[in-house]
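**Student:** If you read the sequences in order, they're chains A and B. Residue numbering for the first sequence follows the numbering used here, beginning at 363 and increasing consecutively. Residue numbering for the second sequence follows the numbering used here, beginning at 363 and increasing consecutively.
2 protein chains.
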Amino acid sequence: MLLSKSCVYGLRASLYLAARNQGEFIPIRTMSDKLEISFHFLTKILQQLTAEGILESFKGPNGGVRLTREGTEIQLIDIVLAIDGSQLLTECALGLPGCGVKNPCPLHDKWAETRDAIHEMLEKTTLTELVQKGKAENLRLTTDGGFDILFDN
Amino acid sequence: MLLSKSCVYGLRASLYLAARNQGEFIPIRTMSDKLEISFHFLTKILQQLTAEGILESFKGPNGGVRLTREGTEIQLIDIVLAIDGSQLLTECALGLPGCGVKNPCPLHDKWAETRDAIHEMLEKTTLTELVQKGKAENLRLTTDGGFDILFDN
DNA sequence: CCTATTTTGGATAAAAGAGTCTCAATAACT
DNA sequence: AGTTATTGAGACTCTTTTATCCAAAATAGG
Ligand code: SF4
Ligand code: SF4
């Protein structure tokens, strides 16, 4: 898989937050319910994002979690790096240790191109952009049900 | 990681075979030594490739394994599909079950483009092509040592 | 026929990833 | 002050991936 499960969940949750963002703290329980992700597991993942400064949290009643920046300022790559690290964009195809341009494998040139395409896609896409698209076309973030499930409470 | 470890090893071994291919059977032990891959693990992987018809094997002294087709006729995607399956090219970014064009997630369009780039790269690259490049530029297939290690015995 | 070499296949073990559970800390509300 | 809602942190379990080991089958060569 390109992205780890944790990373995918982190992305989904971040999109959720970006979609409702009026600076309000959203309880993780709400997100785990809506997004159909295990509460405890999601909690751990969001703790990572909090540690990385992408989210901030607030304990107690009316507490929860929110984005530190505007959704327009957050790229997918930020979340991927926070959770999966830079592996995807540094290690690669043949996975030889200490890779790079200096001592490449035969696949390097071709792979580097593809890898850059992935990188660029993740880097140029903002949360807000996807949220807008999701809202406009009612695209899903869960197994069933469209974007509107985010707001039905 | 994009490709599983098994898949990477399978690719390295396939490149090795394509590089020496004169229809001779190469013992797996030789490959595991040269490529610095666990013999038993590599054995398992090559058994898969044999089952998929990409390799054929021969038991006993002077036995081993060889490509069933010319290296020019084998694309990287063949090996990836045989080992990792089609996951990479079907499942994707947000990993929602039953994905596709009918009921997409907000990332679908962008991701599909990137995914196609990966697909195309794997589909258009043949073993022979990489072998020729590897030989010409003495590129490595192992941690240290260039392409020539393949032939030093 | 015997021995050495090599793949096959299954059992097992170790490591990593995914997911669950429990308890402590913090804050709001009464 | 006490109760409730919520995140934080760590231990723990389950599953998948990665890796190891061993015995059986096949084959070449003496
Ligand atoms: S040489 Fe390049 S393509 Fe090959 S494994 Fe290293 S970084 Fe990846
Ligand atoms: S909708 Fe498209 S991009 Fe999203 S998970 Fe499904 S196939 Fe992948």
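All C-beta atoms in this analysis are idealised placements derived from N, C-alpha and C, irrespective of residue type, glycine included. As the structure is a prediction and not an experimental result, all values here were calculated from the model.
(1) In chain A, which residues lie with their C-beta within 7 angstroms of the C-beta of residue 445(B)?
(2) Anything in the stretch 465-483 of chain A with a Cβ closer than 9 angstroms to a Cβ of chain B? List those residues in chain order, please.
(3) Measure how close the beta-carbons of residue 428(B) and residue 418(B) come, nearest whole angstrom, since I'm counting them as under 8 angstroms.
(4) Identify, in the order they occur along the chain, each residue of the same chain with its Cβ nearer than 6 angstroms to the Cβ of residue 502(A), setting aside the five sequence neighbours on each side.
(5) Does residue 397(A) have its Cβ less than 7 angstroms from a Cβ in chain B?
(6) Given that residue 437(B) touches chain A, what residues does it touch there, using C-beta distances under 8 angstroms?
(7) Which residues share a DSSP beta bridge with residue 426(B)?
(8) Between residue 389(B) and ligand 2, is the CB less than 6 angstroms from at least one heavy atom?
(9) Does residue 370(A) get closer than 7 angstroms to chain B when you measure Cβ to Cβ?
(10) Check whether the Cβ of residue 473(B) lies closer than 6 angstroms to any heavy atom of ligand 1, and answer yes or no.
(11) Does the separation of the CB atoms of residue 376(B) and residue 441(B) fall below 7 angstroms?
(12) Which residues mark the beginning and the end of the alpha helix (DSSP H) in which residue 510(B) is found?
(13) Which whole-angstrom value is the C-beta distance of residue 445(A) and residue 476(B), which I expect to be below 8 angstroms?
(14) Can you tell me which of 386(B), 380(B), 400(B) puts its alpha carbon nearest to the alpha carbon of residue 490(B)?
(15) Hey, is residue 481(B) close to ligand 2, as in C-beta under 6 angstroms from one of its heavy atoms?
(16) At what residue ranges does the stretch 466-510 of chain A contain a whole run of the beta strand (DSSP E), taking only runs of 3 or more?
(17) Given the structure, does residue 467(B) come close to ligand 2, in the sense that its CB is under 6 angstroms from one of the ligand's heavy atoms?
(18) CA-CA distance, residue 483(A) and residue 407(B)?
(19) Using only the heavy atoms of ligand 2, determine whether one of them is closer than 6 angstroms to the beta carbon of residue 373(B).
(20) Helix, strand or coil for residue 445(A) per DSSP?
(21) Give a yes or no on whether the C-beta atoms belonging to residue 439(B) and residue 499(B) are separated by under 7 angstroms.
**Tutor:** In this structure, then:
(1) None at all; the shortest Cβ gap to chain A is about 14 angstroms.
(2) Those residues of the stretch 465-483 of chain A placed with their C-beta closer than 9 angstroms to a C-beta in chain B are 465, 466, 467, 468, 469, 470, 471, 472, 473, 475, 476, 477, 479, 480, 482, 483, ordered along the chain.
(3) Rounded to the nearest angstrom, the Cβ distance from residue 428(B) to residue 418(B) is 6 angstroms, consistent with a contact under 8 angstroms.
(4) Taken in chain order, the residues that qualify are 508.
(5) Cβ-Cβ to chain B under 7 angstroms: no for residue 397(A).
(6) Close to residue 437(B), with beta-carbon spacing below 8 angstroms, lies no residue of chain A; the smallest spacing is near 12 angstroms.
(7) Residue 426(B) has 420(B) as its beta-bridge partners, per DSSP.
(8) The beta carbon of residue 389(B) sits no closer than 6 angstroms to any heavy atom of ligand 2.
(9) For residue 370(A), a Cβ of chain B is located within less than 7 angstroms of the residue's own Cβ.
(10) For residue 473(B), the CB stays at least 6 angstroms from every heavy atom of ligand 1.
(11) Yes; because the gap between Cβ atoms is below 7 angstroms, this pair is in contact.
(12) No alpha helix (DSSP H) holds residue 510(B); DSSP gives it neither H nor E.
(13) With 8 angstroms as the limit, residue 445(A) and residue 476(B) do not qualify as a contact, their Cβ atoms being about 18 angstroms apart.
(14) Checking every option, the nearest Cα to that of residue 490(B) belongs to 380(B).
(15) For ligand 2, no non-hydrogen atom lies closer than 6 angstroms to the CB of residue 481(B).
(16) You should have found no qualifying run.
(17) Correct: residue 467(B) has its Cβ closer than 6 angstroms to ligand 2.
(18) Distance between residue 483(A) and residue 407(B), taken at the CA atoms: about 33 angstroms.
(19) Taking 6 angstroms as the cut-off, one finds no heavy atom of ligand 2 near enough to the beta carbon of residue 373(B).
(20) Here residue 445(A) sits in helix by DSSP.
(21) Against a cut-off of 7 angstroms, the Cβ pair of residue 499(B) and residue 439(B) comes out as no contact.
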